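A.B. asks: Going line by line, the protein sequences match chains Y and Z.
Following the working numbering, the numbering of the first sequence begins with 16 at its first residue and continues without gaps.
Following the working numbering, the numbering of the second sequence begins with 84 at its first residue and continues without gaps.
We put the beta carbon where it would ideally sit given N, CA and C, even for glycine.
These numbers come from a predicted model, not from an experiment.
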Amino acid sequence: MSRIHVTTTINGEAAEFLCDAGETLLDVLRDRLGLTGSKEGCGTGDCGACSVVLDGRLVCACLVLGAEAEGRTVGTIEGMTTGEALHPLQRKFLEHAALQCGICTPGFLVAAKALLERTPDPTEEEARYWLAGNLCRCTGYDKIIRAVLDAAAEMREAH
Amino acid sequence: MALDSKTEARKFKIVGTRPLRPDGIDKVTGRARFGADMSAPGMLVGLILRSPHPHARIRSIDTTRAESMEGVHAVVTRADFPAFVEDEALADVLDNCMAGEKALYDGHAVAAVAATSGAVARAALKLIEVEYELLAHVTDVDEAMRPDAPALHEDRADETVPAGMSDNVMARHEFGHGDIDAGFAKADRVLERGYRTEATHQGYIEPHACLATFGSDGQADLWCCTQGHYMVRNTCAAILGMEQGRLRVTASEIGGGFGGKTTVFLEPVALMLSKKAGRPVKMVMGRAEVFRATGPTASSSIDVRIGMAKDGRITAGFAELRYQGGAYPGSPVDMGSMSAFAPYDLEHVKTVGWDVVTNRPKQAAYRAPGAPMAAFAVESAIDELARELGLDPLEVRLKNAAREGTRASYGPTFPAIGLEATLRKAKDHPHWSAPLGPNQGRGVACGFWFNFGGDTCVSLNITPDGTVTVSEGNPDIGGSRASMSMMAAEELGIPYEKVRTIIADTGALGQNDVTDGSRVTFAVGLATIEAARAAKREMCKRAARIWEIEEDAVVWEDGAARPAGPNAGKHPPMSLAEIAAVATNTGGPIAGHCEVNAEGAGVSFATHMVDTEVDPETGAVKILRYTVFQDAGKAVHPAYVEGQFQGGAVQGIGWALNEEYIYGEDGRLQNAGFLDYRIPVASDLPMIDTVILEIPNPGHPYGVRGVGETSIVPPLAAVANAVSHAAGVRLTHLPISPPRLLAAIGAK
Chain Y
16 MSRIHVTTTI NGEAAEFLCD AGETLLDVLR DRLGLTGSKE GCGTGDCGAC SVVLDGRLVC
76 ACLVLGAEAE GRTVGTIEGM TTGEALHPLQ RKFLEHAALQ CGICTPGFLV AAKALLERTP
136 DPTEEEARYW LAGNLCRCTG YDKIIRAVLD AAAEMREAH
Chain Z
84 MALDSKTEAR KFKIVGTRPL RPDGIDKVTG RARFGADMSA PGMLVGLILR SPHPHARIRS
144 IDTTRAESME GVHAVVTRAD FPAFVEDEAL ADVLDNCMAG EKALYDGHAV AAVAATSGAV
204 ARAALKLIEV EYELLAHVTD VDEAMRPDAP ALHEDRADET VPAGMSDNVM ARHEFGHGDI
264 DAGFAKADRV LERGYRTEAT HQGYIEPHAC LATFGSDGQA DLWCCTQGHY MVRNTCAAIL
324 GMEQGRLRVT ASEIGGGFGG KTTVFLEPVA LMLSKKAGRP VKMVMGRAEV FRATGPTASS
384 SIDVRIGMAK DGRITAGFAE LRYQGGAYPG SPVDMGSMSA FAPYDLEHVK TVGWDVVTNR
444 PKQAAYRAPG APMAAFAVES AIDELARELG LDPLEVRLKN AAREGTRASY GPTFPAIGLE
504 ATLRKAKDHP HWSAPLGPNQ GRGVACGFWF NFGGDTCVSL NITPDGTVTV SEGNPDIGGS
564 RASMSMMAAE ELGIPYEKVR TIIADTGALG QNDVTDGSRV TFAVGLATIE AARAAKREMC
624 KRAARIWEIE EDAVVWEDGA ARPAGPNAGK HPPMSLAEIA AVATNTGGPI AGHCEVNAEG
684 AGVSFATHMV DTEVDPETGA VKILRYTVFQ DAGKAVHPAY VEGQFQGGAV QGIGWALNEE
744 YIYGEDGRLQ NAGFLDYRIP VASDLPMIDT VILEIPNPGH PYGVRGVGET SIVPPLAAVA
804 NAVSHAAGVR LTHLPISPPR LLAAIGAK
């Protein structure tokens, strides 16, 4: 079976890879590119642990084919930090103890960042509905929502 | 090790604060390595073939076509494993990992392959030919107890089971004291009611995963996500017939477990595949496999009878509990029977529990195993009685609450406990008196959990520059590395940032029990404190040597050795770093360690309060407000204690309202995915308020009690009570899904 050659941009850097036609973007990121920060919790788009941004749109990488990344830009959790500086969301997640096991954390951070780029001042309800596609089994979401709202407030002040 | 006598007066400097966790940066940047994130050179992909039938005799398995496929390096079936495993429970674990004579549930593993890619492995699975002889099946606990029910096993019942019962009844448990008939005779009102709960899955977001490397020299290495890598080592060694010392297991970061990762599923199979293939083998479950073949907890059918006097005093309590734990003995009905009435001080109490097998996956522990269902039944009955007698449900519980000196319904006499404190706090809380609107109802319930201690090892090493590393053997599932670093820093009198805690592999420490039973902060904390004390004693000895004074004339205070007694003030104090810097010259490296079977885990109680709103047209239930009141003994890192309270409460909400294993007539699981098995999402919930109470556990030097499990015990009943009040009809079958609630409202 011949493989597909894909040229794309991942976290701002040019990348290329070969993949099978049926291979998901998540498999490519994890198994071919070594970007294991995106997690597979279900493989069916129900848990959000593989959330990435594709051309500015929040998607589940398990529901996108690797070949679809051709000529597009992909943003993953690995691209969220600027040098050594954490993104305010990452910092607030730590300060609020918004993670216990941490497996869902990358997906939540990518999804929350996408929320704040569209809605810098979300209500609690808006944050809860935006993040309803990301499952967390440990925290009951309380501290996650607080961290997101607190990060939003800090980011608004910074502007 | 008992509570430090000065604990109550003790001023903690670090314990009780909220520092950042040491593994935090890795987890917010995607660097943390979980089970599926590891690779090895030449690695193969392992996959499992699973039975599509709920009950079938395996007549034959033909693997020749799969084995001859290009890219396939090994195929294993049960025939590859030792024919005999002495320990009966471990033999069941092996049979669950790879079916022997029969496939006992939909999803039961029957064969496995290792191939160069997932695609090749998937294709190879299709070439394995299994000839099944289909057998009648049973998935319901009450049906399985009928004498004519299809039997999964023959002659496996233990001696507690009376003759003439179904072969599916494995054990009978009985607890209690007093004379319940005499107690019921004194009651003004006796309530008898039946309750049912459906099986739920632990629902960790990380599927099971491992990477096995079996060398031709008979030594093996295993990387896996587990709640206990020492358990994995011991279990795999027994199943594979190898020595424990030849298998080294490293625990990955773990993406949730809640009890579901306290056993093995893939690990022995991956090791066997690697042994046969001569290459590393990685196995990762898909979500459907997780649902079909791992976890879940037991489903239950419970009858309760409670007698109450007009003033709210419970005169007698009786419960008969029937739990199905899937295809093998060992449902947590024993712990359900022990915990059912544990919150109450009763003169006459009795529980009887029946352990039943069905054609479902072997149950695994789920947070306070067995207790939430029992509490649902008992706390629902108490609520209904209180309402019938016109009594305040919190007052009724206060009137009957177990206290220090109470003889528990399961035997022991309680030391200092915190149930009463949680009830008083609940009564005084503004939530209790807040107004409710139409279709809204408020529920309360109490919960109990035993908590455990167990085998624990900690090695605390002082580095030459005066920093400290703590090695412990329990996977950190919710921030325990932070708690250990805090307790070590507290004890040594040095900053939190000077301590780093790691989870060591099985070669580095002695035996450690699993991260379960809410034991880690208690038991590993106790061992960490003891290891720090040993290091302090050694450092005092080194200072005495330098000062040329008696060892017992040196004390450790505020992070430094100081001369005491007649020598006080004669030498400037020596800090930990100063002593460490010259350790080579005073006797060599400095470390403290502790190996202990920790006893004295204090029991834990909680009271939960919840407001719900019912939509009478759709049957949907909304959680409006939720408050947890729980005794933590001493909250080492309060943010993570709150997190345990909140997480347990929300898992309980899911169990109460949405989550259930649904089996069709064909015995197959119908909802093996997160779309149809719906765990709570962020938009389902309000903030979960928490109130931490601190009634010190006399069995821990700082007063710590486990907190992880108790929080899932009350919510099933608390939610059911709230919904019952909102809907005006008593709900006795969980989950209270919209169709079930609509049916109940319709039958009103």
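Is the beta carbon of asparagine 522 of chain Z closer than 9 Å to that of aspartate 189 of chain Z?
C.D. replies: no
A.B. asks: Using a Cβ-Cβ cutoff of less than 7 Å, which residues in the same chain neighbour alanine 464 of chain Z once the five nearest sequence positions on both sides are dropped?
C.D. replies: Leu274, Arg276, Val387 and Ile389
A.B. asks: Using C-beta distances below 6 Å, list every residue in its chain close to leucine 150 of chain Y, excluding the 5 sequence neighbours before and after it, in chain order.
C.D. replies: Same-chain partners within the cutoff: Cys62.
A.B. asks: Helix, strand or coil: which one does DSSP assign to alanine 732 of chain Z?
C.D. replies: helix
A.B. asks: Tell me which residue opens and which closes the beta strand (DSSP E) that threonine 39 of chain Y is part of.
C.D. replies: Per DSSP, threonine 39 of chain Y belongs to no beta strand (DSSP E) and is neither H nor E.
A.B. asks: Would you say lysine 831 of chain Z reaches chain Y, if we count a Cβ-Cβ gap shorter than 9 Å as a contact?
C.D. replies: Not one chain Y Cβ lies under 9 Å of lysine 831 of chain Z.
A.B. asks: How long is the line joining the alpha carbons of serine 335 of chain Z and valine 367 of chain Z, rounded to whole angstroms?
C.D. replies: 13 Å
A.B. asks: Let me make sure I understand the geometry here. Which of Z/Ala157, Z/His138 and Z/Ala803 has the alpha-carbon closest to that of arginine 525 of chain Z?
C.D. replies: Of the candidates Z/Ala157, Z/His138 and Z/Ala803, the residue whose Cα lies closest to the Cα of arginine 525 of chain Z is Z/Ala803.
A.B. asks: So what's cysteine 77 of chain Y in DSSP terms, helix, strand or just coil?
C.D. replies: Residue state, collapsed to three classes: helix.
A.B. asks: Please list, in chain order, all residues of the same chain as glutamate 462 of chain Z whose beta carbon is under 6 Å from its beta carbon, the five residues on each side excluded.
C.D. replies: Ala528 and Ala800
A.B. asks: How would you list, in chain order, the residues of chain Z whose beta-carbon sits under 9 Å from the beta-carbon of isoleucine 19 of chain Y?
C.D. replies: Counting only Cβ-Cβ distances below 9 Å, isoleucine 19 of chain Y has no contacts in chain Z at all, with the closest Cβ about 14 Å away.
A.B. asks: Would you please state the rounded distance, in angstroms, between the beta carbons of valine 582 of chain Z and valine 607 of chain Z? I believe it to be under 8 Å.
C.D. replies: The pair is not a contact, with the Cβ atoms about 14 Å apart (cut-off 8 Å).
A.B. asks: With a cut-off of 8 Å, do at least 3 Cβ pairs link the region 755-767 of chain Z to the region 296-303 of chain Z?
C.D. replies: no
A.B. asks: Exposed or buried, which one is arginine 751 of chain Z when buried takes at least 16 other CB atoms within 10 Å?
C.D. replies: buried
A.B. asks: Can you look up histidine 111 of chain Y in the DSSP assignment and give me helix, strand or coil?
C.D. replies: coil
A.B. asks: Suppose contacts are defined by Cβ-Cβ distances below 9 Å. Is alanine 695 of chain Z in contact with valine 704 of chain Z by that definition?
C.D. replies: In the sequence on display, residue 695 of chain Z carries threonine and not alanine. Closer than 9 Å, so yes.
A.B. asks: Measure the beta-carbon distance from alanine 402 of chain Z to alanine 448 of chain Z and round it to whole angstroms, keeping in mind my assumption that it falls under 8 Å.
C.D. replies: The beta-carbon separation of alanine 402 of chain Z and alanine 448 of chain Z, rounded to 21 Å, does not stay under the 8 Å limit for a contact.
A.B. asks: What are the boundary residues of the alpha helix (DSSP H) that cysteine 623 of chain Z is part of?
C.D. replies: 608-630
A.B. asks: Which of the three DSSP states, helix, strand or coil, is assigned to phenylalanine 424 of chain Z?
C.D. replies: coil
A.B. asks: Between Z/Cys319, Z/Glu682, Z/Val733 and Z/Arg279, which has its C-alpha nearest threonine 589 of chain Z's C-alpha?
C.D. replies: Looking at the Cα atoms, Z/Cys319 is the closest of the given residues.
A.B. asks: So the candidates are Z/Phe348, Z/Pro822 and Z/Ala410; which of them puts its Cα closest to the Cα of glycine 702 of chain Z?
C.D. replies: Z/Pro822
A.B. asks: By the three-class DSSP mapping on this structure, what secondary structure does cysteine 62 of chain Y have?
C.D. replies: coil
A.B. asks: I'd like to confirm the pairing. Which residues does DSSP put opposite glutamate 216 of chain Z in its beta bridges?
C.D. replies: Z/Arg140
A.B. asks: Using a C-beta cutoff of 9 Å, does threonine 24 of chain Y count as contacting chain Z?
C.D. replies: no
A.B. asks: If contact means a Cβ-Cβ distance below 8 Å, which residues of the region 556-574 of chain Z contact chain Y?
C.D. replies: Ile560, Gly561 and Gly562
A.B. asks: Which chain Z residues sit within Cβ distance under 9 Å of phenylalanine 108 of chain Y?
C.D. replies: Gly107, Lys110 and Val111
A.B. asks: Taking Cβ positions, are glycine 756 of chain Z and arginine 370 of chain Z nearer each other than 9 Å?
C.D. replies: yes
A.B. asks: Against valine 582 of chain Z, what residues of chain Y qualify as contacts under a CB-to-CB distance less than 7 Å, listed in chain order?
C.D. replies: Per Cβ cutoff of 7 Å: no residues; valine 582 of chain Z is ~18 Å from chain Y at best.
A.B. asks: Would a check of beta-carbon distances place leucine 124 of chain Y closer than 9 Å to chain Z?
C.D. replies: yes
A.B. asks: Among Z/Val159, Z/Leu502 and Z/Gly593, whose alpha-carbon lies nearest the alpha-carbon of valine 774 of chain Z?
C.D. replies: Z/Leu502
A.B. asks: Assuming phenylalanine 459 of chain Z is part of the alpha helix (DSSP H), what are its boundary residues?
C.D. replies: 454-471
A.B. asks: Between Z/Leu824, Z/Asn780, Z/Met770 and Z/Val796, which lies nearest to aspartate 157 of chain Y when the distance is taken from Cα to Cα?
C.D. replies: Z/Met770
A.B. asks: List, in order along the chain, the chain Y residues whose C-beta lies closer than 9 Å to that of arginine 370 of chain Z?
C.D. replies: Glu55, Gly56, Cys57, Gly58, Thr59, Asp61 and Cys62
A.B. asks: Can you pull the chain Z residues whose beta carbon is under 8 Å from the beta carbon of arginine 152 of chain Y, in chain order?
C.D. replies: Gln285, Gly286, Tyr287, Ile288, Gly339, Phe341, Gly730, Gln734 and Ile762
A.B. asks: Checking the sheet assignment: what are the DSSP bridge partners for glycine 259 of chain Z?
C.D. replies: Z/Lys433
A.B. asks: Note down, in chain order, every chain Y residue with its Cβ under 7 Å from the Cβ of isoleucine 586 of chain Z.
C.D. replies: Ordered by position in chain Y, no residue passes the 7 Å Cβ test against isoleucine 586 of chain Z, which lies about 13 Å from the chain.
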